[in-house]
Structure formats: structure tokens, C-alpha cells
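Visitor:
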Amino acid sequence: MTTPETRPGTTPPPPPTALITGAGSGIGRAVALALAGAGWSVVLAGRRADALAETARLAGRSDDGPEGPAALCVPADVTRPDQVDTLFAAARARFGRLDLLFNNAGTFGPPVPLEELAYDDWRTVVDTNLTGAFLCAQAAFRAMKEQDPRGGRIINNGSVSAHTPRPHSVAYTATKHAMTGLTKSLSLDGRPYDIACGQIDIGNAATEMTGRMRTGILQADGSTAAEPVMDAADVARTVLHMAQLPLGANVQFATVMATAMPYIGRG
Numbered sequence: 088m089t090t091p092e093t094r095p096g097t098t099p100p101p102p103p104t105a106l107i108t109g110a111g112s113g114i115g116r117a118v119a120l121a122l123a124g125a126g127w128s129v130v131l132a133g134r135r136a137d138a139l140a141e142t143a144r145l146a147g148r149s150d151d152g153p154e155g156p157a158a159l160c161v162p163a164d165v166t167r168p169d170q171v172d173t174l175f176a177a178a179r180a181r182f183g184r185l186d187l188l189f190n191n192a193g194t195f196g197p198p199v200p201l202e203e204l205a206y207d208d209w210r211t212v213v214d215t216n217l218t219g220a221f222l223c224a225q226a227a228f229r230a231m232k233e234q235d236p237r238g239g240r241i242i243n244n245g246s247v248s249a250h251t252p253r254p255h256s257v258a259y260t261a262t263k264h265a266m267t268g269l270t271k272s273l274s275l276d277g278r279p280y281d282i283a284c285g286q287i288d289i290g291n292a293a294t295e296m297t298g299r300m301r302t303g304i305l306q307a308d309g310s311t312a313a314e315p316v317m318d319a320a321d322v323a324r325t326v327l328h329m330a331q332l333p334l335g336a337n338v339q340f341a342t343v344m345a346t347a348m349p350y351i352g353r354g
């Protein structure tokens with residue numbers, strides 16, 4: 088049986104659009120590739136234009152035509168409100184709507200004892216991980232409330248550190264705990280506008296930021312040990328599942344981790 092979407096002579100609906108921050112590498116790139124492979128148009132945001140272009144190339148996406156899935160690369164610093172505004176305006180101008188924000192941009196900061204952490208390093212982590220996520224979520228809310236059909240989804244990249252810290256990670260851990268509060272507030276405030284929000288807590292995905300886990304990282308007992316990691320594509324498949332749910336359903340919190348990493352029983 089044919090449907091209105093497939094009946095000859097009808098115009099197919101446009102592909103859904105996702106905006107991914109930190110899309111130039113690691114988890115952001117893996118998620119962008121998974122979404123693009125599933126037929127989404129993707130807005131790739133990050134500080135490095137060349138890295139975003141490489142993600143678009145790997146996804147087999149260009150921005151040459153007005154129809155069909157495409158990739159739009161927008162270099163942006165999510166800690167800057169003016170650049171976030173420009174990013175979301177570019178996304179709406181190109182694709183007309185926003186169906187998904189993956190709040191992924193983040194940084195760990197120097198792994199030093201708490202008393203040695205410089206103020207500027209603390210601020211960099213807080214501004215990137217928390218303030219940047221808030222600014223992007225705020226911009227997404229504004230777009231999703233106004234578009235027709237109304238609504239959309241926000242997925243925040245948390246961490247297993249939102250539950251259990253590592254040694255020498257005060258700034259990162261504090262921001263990831265705060266991310267959980269942001270997720271809950273977005274979920275509550277988004278209800279009247281058909282905006283769903285969930286969080287994925289990730290443990291030991293193999294990315295540039297987690298490289299030292301494979302060579303040896305400080306443990307809670309003071310020892311140093313290498314830790315198992317998993318492919319970032321395993322995370323991306325989970326994000327894709329969350330993204331493809333109808334707005335009437337939501338994965339509020341999900342944890343995806345390397346099976347044998349020292350998390351359950353950590354410390």
C-alpha cells in the first residue's frame with residue numbers, strides 16, 4: 088500500500104536535521120556519521136573548520152543542492168553567545184527547522200590535584216562543558232518552539248563521571264553532574280512545547296581525549312593502570328536510537344561504557 092509520502096507525484100518530506108557540537112572529532116564525528124548514514128541532514132559545529140570538513144567528507148555529504156540530506160559546516164565556539172546565535176541562525180536558514188541537538192562539545196582540563204588547578208583552567212572547562220551546553224540548548228528551545236511542526240529533541244553528552252568521579256577531575260566531574268541537572272530542567276521545561284531531552288553517559292569511548300586510558304591512568308587507589316575502551320561507533324548507535332524515537336517517547340538517561348572498565352565498584 089502506498090502512503091502519501093510515497094505516492095507518485097507527491098513531495099517527500101525533507102530529511103530530519105541534527106546539529107552536533109564538537110563534530111570535528113571523537114564522539115561528535117561518530118554521531119554525525121551515524122545520523123548521516125541514517126538519512127539525516129547534519130549541521131556540524133566545532134572550532135576547527137578543517138576537522139568539520141573532514142567529518143562531512145567521511146559522511147559523504149556536501150551542501151551542493153537544496154534537496155536531500157546534506158552537511159553544513161559552521162565553525163563556532165559554543166562558549167560565545169554571539170557565535171551560538173550565528174550557528175543556529177545558519178542551521179535554520181539552510182534547513183528550515185531543527186529536529187535534534189546533540190550537545191557534545193566538551194573538554195577534560197588538566198589532570199592535576201585540586202589545589203593546583205588554575206582558575207583559568209577551571210573556567211575553560213565550566214564554560215565549554217556547561218555554559219556552552221546551556222547556550223546551545225537555549226537556542227534550540229527557541230527554534231523548536233517556533234517551528235512547524237513544533238518540537239524536537241536535545242541529547243546531552245554526560246559521562247560516567249556524572250555519577251562517579253576520577254581522581255584529579257574536579258572541573259570535569261562538577262560540570263558533568265551539572266549536566267544532569269540541565270537535562271532534567273530541559274526535560275521539564277520542554278514538555279509544553281513537545282521538546283524531549285535525554286542524556287547519554289559515556290565511559291571510555293576511544294577518542295583523542297581518552298588516549299591516556301589505553302596507556303595508563305591514575306586510579307582511585309593511587310595506582311596507574313591501562314583501562315579497556317570501546318569504539319565511539321558503539322556510542323553513536325545509541326545516540327541514533329535515542330534520536331529516532333517519536334517525540335512521545337524518550338530515553339531519559341542511558342549509560343554506554345566499555346564492559347570491563349573500572350566503573351562498577353570504582354574506588
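Counting in the numbering used here, the sequence shown runs from 88 upward without gaps.
Beta carbons: idealized from backbone N, C-alpha and C, even for Gly.
1. Please classify Pro103 as buried or exposed, where buried requires at least 16 other C-beta atoms within 10 Å of its C-beta.
2. Roughly how many angstroms separate the alpha carbons of Ala132 and Ala347, rounded to a whole number?
3. Starting from the C-beta of Arg181, find all residues in its chain whose C-beta is less than 6 angstroms away, skip the five residues before and the five after it, and write them out in chain order.
4. Okay, do the stretch 184-199 and the stretch 211-224 touch, 3+ Cβ pairs below 8 angstroms being the bar?
5. Report all residues from its chain with a CB closer than 6 angstroms to the CB of Thr93; omit the five preceding and five following residues, and keep chain order.
6. How many angstroms separate the CA atom of Tyr206 from the CA atom of Asn216?
7. Take Ile326 as the anchor and find which of Ala140, Leu204, Pro101 and Ala105 has the nearest alpha-carbon.
8. What's the gap between the Cα of Pro100 and the Cα of Thr108?
9. Under three-state DSSP, which class holds Ala119?
10. How big is the Cα-Cα spacing for Ala345 and Ala292?
11. Indicate the three-state DSSP secondary structure (helix, strand or coil) for Ala347 in the structure shown.
12. Alpha carbon to alpha carbon, how far is Ile114 from Asn244?
13. Are Tyr280 and Arg229 close, meaning C-beta to C-beta below 8 angstroms?
14. Report buried or exposed for Ile200, applying the criterion of at least 16 other Cβ atoms within 10 angstroms of its Cβ.
15. Does the pairing of the stretch 118-133 with the stretch 317-331 give three or more beta-carbon distances under 8 angstroms?
Guide: Inspection of the coordinates gives the following:
1. Locating residue 103 in the sequence shown gives position 16, counting from the first residue. Looking at its Cβ environment, which holds 16 or more other Cβ atoms inside 10 Å, Pro103 is buried.
2. Here residue 132 is taken as the residue at index 45 of the sequence shown, counted from 1. Here residue 347 is taken as the residue at index 260 of the sequence shown, counted from 1. Distance between the alpha carbons of Ala132 and Ala347 is about 32 angstroms.
3. The residue given as residue 181 occupies position 94 in the sequence shown. So the list reads Leu159, once near-sequence residues are dropped.
4. Three or more Cβ pairs closer than 8 angstroms define a contact, and the stretch 184-199 meets that threshold against the stretch 211-224.
5. For the purposes of this step, residue 93 is taken as the residue at position 6 of the sequence shown. Because the pLDDT of Thr93 is 49, which lies under 50, any placement of that residue in the model is unreliable, and the number read from its coordinates should be weighed accordingly. Result list for Thr93: empty, nothing under 6 angstroms.
6. Within the sequence shown, numbered from 1, the residue matching residue 206 stands at position 119. Within the sequence shown, numbered from 1, the residue matching residue 216 stands at position 129. Rounded to the nearest angstrom, the two C-alpha atoms are 15 angstroms apart.
7. To locate residue 326, count along the sequence shown from 1; it is residue 239. The identity of residue 326 in the sequence shown is Val, whereas the question assumes Ile. If we check each option's Cα against that of Val326, Ala105 comes out closest.
8. To locate residue 100, count along the sequence shown from 1; it is residue 13. To locate residue 108, count along the sequence shown from 1; it is residue 21. One C-alpha to the other measures close to 25 angstroms.
9. Position 32 of the sequence shown, counted from the start, is the residue given in the question as residue 119. Ala119 falls in the helix class under three-state DSSP.
10. In the sequence shown, the residue the question calls residue 345 occupies position 258. In the sequence shown, the residue the question calls residue 292 occupies position 205. In a straight line, the C-alpha of Ala345 is about 7 angstroms away from that of Ala292.
11. Position 260 of the sequence shown holds residue 347. Ala347 falls in the coil class under three-state DSSP.
12. For the purposes of this step, residue 114 is identified with residue 27 of the sequence shown, where counting begins at 1. For the purposes of this step, residue 244 is identified with residue 157 of the sequence shown, where counting begins at 1. Ile114 and Asn244 have their C-alpha atoms spaced approximately 9 angstroms apart.
13. Numbered from 1 along the sequence shown, position 193 holds the residue referred to as residue 280. Numbered from 1 along the sequence shown, position 142 holds the residue referred to as residue 229. No, they are not a contact pair.
14. The residue labelled residue 200 in the question sits at position 113 within the sequence shown. Strictly speaking, residue 200 in this sequence is Pro, with Ile absent from that position. Burial call: exposed.
15. Three or more beta-carbon pairs drawn from the stretch 118-133 and the stretch 317-331 are found closer than 8 angstroms, and the two stretches are therefore classed as touching.
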